[in-house]
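> Let me begin by handing over the structure; questions about it come next.
2 protein chains.
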Amino acid sequence: MKAVRIYAYGGQDQLTVEDAPVPQPGDNDVLVRVVATSVNPVDWKIREGYLKEMLPYHFPIILGWDVSGVVESVGKAVTQFKPGDAVYSRPDILRAGTYAEYISIDANEVAFKPATISHSSAASLPLAGITAWDVLIKAAGIKNGDRVLIHAASGGVGSLAVQLAKARGAYVIATTSAKNSALVKSLGADEIIDYRTQSFEKMVTDVDIVFDSLGGEIQQKSWQVLKPNGILVSIVNPPSVEQAAAHNARSAFVFIKPDAAVLKELATLVDAGKIRPIIGAEFALSDIAKAQALSESGRAVGKIVVHVGNP
Amino acid sequence: MKAVRIYAYGGQDQLTVEDAPVPQPGDNDVLVRVVATSVNPVDWKIREGYLKEMLPYHFPIILGWDVSGVVESVGKAVTQFKPGDAVYSRPDILRAGTYAEYISIDANEVAFKPATISHSSAASLPLAGITAWDVLIKAAGIKNGDRVLIHAASGGVGSLAVQLAKARGAYVIATTSAKNSALVKSLGADEIIDYRTQSFEKMVTDVDIVFDSLGGEIQQKSWQVLKPNGILVSIVNPPSVEQAAAHNARSAFVFIKPDAAVLKELATLVDAGKIRPIIGAEFALSDIAKAQALSESGRAVGKIVVHVGNP
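Going line by line, the protein sequences match chains A and B.
So the first sequence is numbered by the numbering used here: it starts at 1 and just counts up by one.
So the second sequence is numbered by the numbering used here: it starts at 1001 and just counts up by one.
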C-alpha cells in the first residue's frame, strides 16, 4: 500500500511517500481502508522528535492519527463492525498511523462515521473533537451559562470548541484575528477579541473556563481573567499548580486518548447540525509535506484534510 | 484523462470508464482539475434519453454537472481566476460534463469554492443549490414569514431548500419519511409530515409556496393547500396553468442554468454557517454506475458525491 513513513526524527524532508506492507489486523482489530486523514500538530511534533521521551517508537513510523474510511475486514473477535461500514477514529498513537491506504485499529477505538458529512469532513473531527470534548466536558465540567474564553478560535480545535461550548449553553468569548472574526462569529461566539490589536486580559473578567491551546505568554495572561475557582485547561503546556493556587483557581492538562464513546457523541451532534467541521485546506497524500508545513505555520483556518483513497 | 462517457442512450451499463482527451479551454474558459462531482437526477435522465428532444448532443457524452476543483489553466481573456484557485461550478449542460479528471468551463459560470468546506461538500452544492435558490427566491419571491411546503425535504435539493427558506425567515413545513425526520428537523423545519403515514393535503393549509420536486399525484394534491394567490413551483413537471387558475393560485416551472452569482451567494451562506451540505453517500468515479443507481432509487439522503481526483 501507499504510505508516508519517516526513518528518523527531523524536518519535513523526512516524510517519505513509499510502498509499505498492509497491516495485519489482530483478533480485536478492524482493518480500515483510509479515505481521508487530517493533520494535527502532534503529527509534526512526533516527526521533529519533541515527544520521543514519551512515546517509544521503532522506525520507520507511519504518522497521522485521524481517519475516516471503510472497513475492509475485521478480526475474529470483532462483532460490532463488518466489511463496508463507514467508520472514523482517532487510533492509538503508538501503532502505525493514518498516513496510509490501510490502518489496523482496535475495534474499541472505532465509531460509525457521521452519516450526513463526507469522509473528508469526518476525517477532520476525531482528534480535534475528542480534544475539545475532553477539555470542556471532562476536565472543566462545562455547564449552561458558563463564561468560557477560547483562544485561537478559528483553528482546528478552537472552531470545534466554540461550537461545543455553545451546544452546552455557555457564553463564549473567542480570540482570533480580524480576518477570521466573521467565521468565528458564525460558529456562535458571543464576543470576539482580535488578538493582534486588543489585549484580552484587559477586556475579559469573571471567566469560568479558559481553553488554552497556545501556552506560553497567553497562558500566563489568562490566569487573571478567571473567576475564583475558575479553571484553566491547557492542551499544550501543563499549567503551573503554584500559579493556579496563587489565583485561587484550578487547572488541568489534557493529552487525549482514543475514545469511541466521544466519537459517537460527536457524530450525533454533527448529524443534528450542532457542529459543522471547518476545512481550511486540502492536500493529496503525496503532498503531505506541504500539509504539515501549513500546520506548522499556525496559519491554517479550521482543519487540514489529506485525501488518501476513494470512498 | 480518466472520464466516464456514454456512446448511446440507455441503462447504467452505458457508463464507460475510459481514457478521453483533456478538453482544450477556449479564450473565455477555465480548465478545472476535478476533485469531486456529484450525481443529480438530470445525469441519468440524459443517459436514459429522456431529454434528447431538448438537448442536442453528439456522442460520446461526458455526463455530470456539478464540480469542485482547482483551476489548472485559464484562457487568455480570463482575468477573474488564476491557476491554483479553488472553484466550484454548475457548468453548461451542453458541453462535456464533470464525470472526468478535467473540464473546460466558461469563466462566467465559475465561482470561488466556499472556504470552510471540503471539495467533496462543495461539489454537492451547485446544481441543487441553484435549483433551491431559483425556486424559492427567483420564482416564488420568498419573504419573511411565508409558509412554505417543501416535499422530499431530506433529498439533495430539499435539504438545501429547507435551510434556504429558514435563512429567509420562512415557516417551513416539510414532508419526509420517519427515518429522516430528525435530520430534516435539524435543518430547521418547523413541522414534519411523514409522507408514508400521513396525508399532507389534509393537514396543511394557507401555504404561500409549494416546492414540488416530485410531480405527479403529489403535485395534484398540492394545489389545495395553497393560499389564494399562493404559488406552486415545480422542478419536475410543468404545472397546469388551468389548474393554477382554478385554485386562484400561481405556478412556475424551473429548469436551471449556470449561475455564478448565485454560487457566490451560496458560498457566503455556507461560510456563515447558514447552510450545511448533507452528503448521504460517496463513490469513486469508477463506481459511477452504483452512484447513479442510488440516485435513480430515490432513496438517497442528501447528495451523492463522487470523488475524482486529489485536491
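Cβ atoms here follow ideal geometry from the backbone N, Cα and C, with glycine treated the same way.
The ligand SAH and B/N1248: does the residue's C-beta get closer than 7 angstroms to at least one heavy atom of that ligand?
With respect to the ligand SAH, the structure offers nothing, as it holds no ligand at all.
> Helix, strand or coil: which one does DSSP assign to B/K1303?
Position 303 of the second sequence holds residue 1303 of chain B. It is a strand residue.
> Measure from the alpha carbon of B/F1211 to the alpha carbon of each residue in B/G1273, B/D1134, B/A1167, then state which is nearest.
Against the second sequence, residue 1211 of chain B aligns to sequence position 211. For the residues B/G1273, B/D1134, B/A1167, the minimum Cα distance to B/F1211 belongs to B/D1134.
> Since A/I279 contacts A/S124 with CB under 8 angstroms, what's their CB separation in whole angstroms?
Mapped onto the first sequence, residue 279 of chain A falls at position 279. Mapped onto the first sequence, residue 124 of chain A falls at position 124. The distance from the Cβ of A/I279 to that of A/S124 is about 6 angstroms, consistent with a contact at the 8 angstroms cut-off.
> Name the residues in the stretch 297–310 of chain A whose C-beta lies less than 7 angstroms from a C-beta of chain B; which are they?
G302, V305, H307, N310
> Suppose only complete runs of 4+ residues qualify. What are the alpha helix (DSSP H) ranges in the stretch 107–164 of chain A, listed by chain order?
119–122, 126–133
> Less than 8 angstroms between the CB atoms is what I'm expecting for A/I62 and A/R5, so what's the real figure, rounded?
For the purposes of this step, residue 62 of chain A is taken as the residue at position 62 of the first sequence. For the purposes of this step, residue 5 of chain A is taken as the residue at position 5 of the first sequence. Contact check for A/I62 and A/R5: beta-carbon distance about 5 angstroms, within the 8 angstroms limit, so the pair qualifies.
> Does the beta-carbon of A/N144 have 16 or more other beta-carbons within 10 angstroms, so that it is buried, or is it exposed?
For the purposes of this step, residue 144 of chain A is taken as residue 144 along the first sequence, with counting starting at 1. Burial call: exposed.
> Give the DSSP bridge partners of A/A86, in chain order.
For the purposes of this step, residue 86 of chain A is identified with residue 86 of the first sequence, where counting begins at 1. Note: A/A86 sits in a beta bridge opposite A/V70.
> Using only CA atoms, which one of A/A96, A/D92, A/K76 lies nearest to A/E109?
Residue numbering aside, residue 109 of chain A sits at position 109 when the first sequence is read from its first letter. Comparing Cα positions, the closest option is A/D92.
> Using a C-beta to C-beta distance shorter than 7 angstroms, which residues of chain B count as neighbours of A/I215?
Taking the first sequence and counting its residues from 1, one reaches residue 215 of chain A at position 215. Reading the sequence as shown, one finds Gly at residue 215 of chain A and not Ile. Those do not exist, as A/G215 stays about 26 angstroms from chain B at its closest Cβ, beyond 7 angstroms.
> To test your reading of the DSSP string, which unbroken beta strand (DSSP E) runs of 3 or more residues are found completely within the stretch 1004–1084 of chain B?
1016–1019, 1029–1039, 1067–1074
> Out of B/N1237, B/L1031, B/D1190, which one is the CA nearest neighbour of B/E1101?
Position 101 of the second sequence, counted from the first residue, corresponds to residue 1101 of chain B. That would be B/L1031, whose Cα lies nearest to the Cα of B/E1101.
> Under 8 angstroms, with one C-beta from each stretch per pair, do the stretch 110–124 of chain A and the stretch 251–264 of chain A reach the 3-pair mark?
Contact annotation: the stretch 110–124 of chain A touches the stretch 251–264 of chain A, with at least three C-beta pairs closer than 8 angstroms.
> Count the other CB atoms, across all protein chains shown, that sit within 10 Å of the CB of A/K76; report buried if there are 16 or more and exposed otherwise.
Here the question's residue 76 of chain A lines up with position 76 in the first sequence. Burial call: exposed.
> Can you pull the chain C residues whose beta carbon is under 7 angstroms from the beta carbon of A/F283, in chain order?
Looking at the structure shown, chain C is missing, and the protein chains on hand are A and B.
> Count the other CB atoms, across all protein chains shown, that sit within 10 Å of the CB of A/T268; report buried if there are 16 or more and exposed otherwise.
Working through the first sequence from its first residue, we reach residue 268 of chain A at position 268. Counting Cβ neighbours within 10 Å, A/T268 comes out exposed, since fewer than 16 surround it.
> At the 8 angstroms Cβ level, is A/R276 part of the contact set with chain B, yes or no?
Position 276 of the first sequence holds residue 276 of chain A. Interface residue, yes.
> Give the residues of chain A in contact with B/S1186, contact being defined as C-beta atoms less than 9 angstroms apart.
For the purposes of this step, residue 1186 of chain B is taken as the residue at position 186 of the second sequence. Correct list: T116, D271, A272, G273, K274.
> Output the boundary residues of the beta strand (DSSP E) element that contains A/A315.
This structure does not reach residue 315 of chain A, given that chain A is present from 1 up to 311, and the question cannot be answered.
> Of all the residues that make up the stretch 1119–1153 of chain B, which are near chain A by a beta-carbon distance shorter than 7 angstroms?
H1119, S1120, S1121
> Apart from the five residues just before and just after A/D259, which ones in its own chain have a Cβ nearer than 6 angstroms to its Cβ?
Reading the first sequence from its first residue, position 259 is the one you call residue 259 of chain A. Cβ within range, chain order: I130.
> Measuring CB atoms only, is the stretch 1250–1258 of chain B touching the stretch 1080–1096 of chain B, in the sense that at least three cross pairs come out at less than 8 angstroms?
Verdict: yes, contact present.
> If you draw a straight line from the alpha carbon of A/R196 to that of A/A152, how long is it in whole angstroms?
The residue you call residue 196 of chain A lines up with position 196 of the first sequence. The residue you call residue 152 of chain A lines up with position 152 of the first sequence. Each residue's Cα considered, the two are about 11 angstroms apart.
> How many Å lie between A/I209 and A/H247 at the Cα?
Within the first sequence, the letter at position 209 stands for residue 209 of chain A. Within the first sequence, the letter at position 247 stands for residue 247 of chain A. Straight-line Cα distance between these residues: approximately 14 angstroms.
> Have a look at B/K1221 and B/K1185 and give me their C-alpha separation to the nearest angstrom.
Counted from its first residue, the second sequence places residue 1221 of chain B at position 221. Counted from its first residue, the second sequence places residue 1185 of chain B at position 185. Their backbone Cα atoms lie some 23 angstroms apart in a straight line.
> Would the beta-carbon of A/S118 fall within 8 angstroms of that of A/H307?
Counted from its first residue, the first sequence places residue 118 of chain A at position 118. Counted from its first residue, the first sequence places residue 307 of chain A at position 307. No Cβ-Cβ contact shorter than 8 angstroms links A/S118 with A/H307.
> Are A/W65 and A/S295 closer than 8 angstroms when you measure CB to CB?
Within the first sequence, residue 65 of chain A is the residue found at index 65, counting from 1. Within the first sequence, residue 295 of chain A is the residue found at index 295, counting from 1. Taking 8 angstroms as the Cβ cut-off, A/W65 and A/S295 do not qualify as a contacting pair.
> Determine the burial state of B/A1170: buried for a count of at least 16 other Cβ atoms within 10 Å of its Cβ, exposed for fewer.
Counting from 1 along the second sequence, the entry for residue 1170 of chain B is found at position 170. So B/A1170 ends up on the buried side.
> Which residues of chain A have a Cβ atom closer than 8 angstroms to the Cβ of B/I1288, listed in chain order?
As a position in the second sequence, residue 1288 of chain B is number 288, starting the count at 1. Residues of chain A passing the Cβ test: none, with the nearest at roughly 11 angstroms.
> List, from N- to C-terminal side, the beta strand (DSSP E) runs of 3 residues or more that fit wholly inside the stretch 237–293 of chain A.
250–253, 279–284
> Within 10 angstroms of the Cβ of A/K82, are there 16 or more other Cβ atoms? Answer buried if so, exposed if not.
Position 82 of the first sequence, counted from the first residue, corresponds to residue 82 of chain A. Looking at its Cβ environment, which holds fewer than 16 other Cβ atoms inside 10 Å, A/K82 is exposed.
> Got a sec: is the Cβ-Cβ distance from B/I1061 to anything in chain A below 8 angstroms?
Position 61 of the second sequence holds residue 1061 of chain B. It does not: the Cβ of B/I1061 has no partner Cβ on chain A nearer than 8 angstroms.
> Sort B/A1289, B/R1033, B/V1017, B/A1300 by Cα distance to B/P1023 and report the nearest one.
If you number the second sequence from 1, residue 1023 of chain B lands on position 23. Per the Cα distances, B/R1033.
> Answer with buried or exposed for A/T116, where buried requires no fewer than 16 other C-beta atoms within 10 angstroms of its C-beta.
As a working note, residue 116 of chain A is residue 116 in the first sequence. Its Cβ being crowded by 16 or more others within 10 Å, A/T116 is buried.
> Could you check what DSSP says for B/G1230 in three-state terms: helix, strand or coil?
Counted from its first residue, the second sequence places residue 1230 of chain B at position 230. DSSP places B/G1230 in strand when its eight states are reduced to three.
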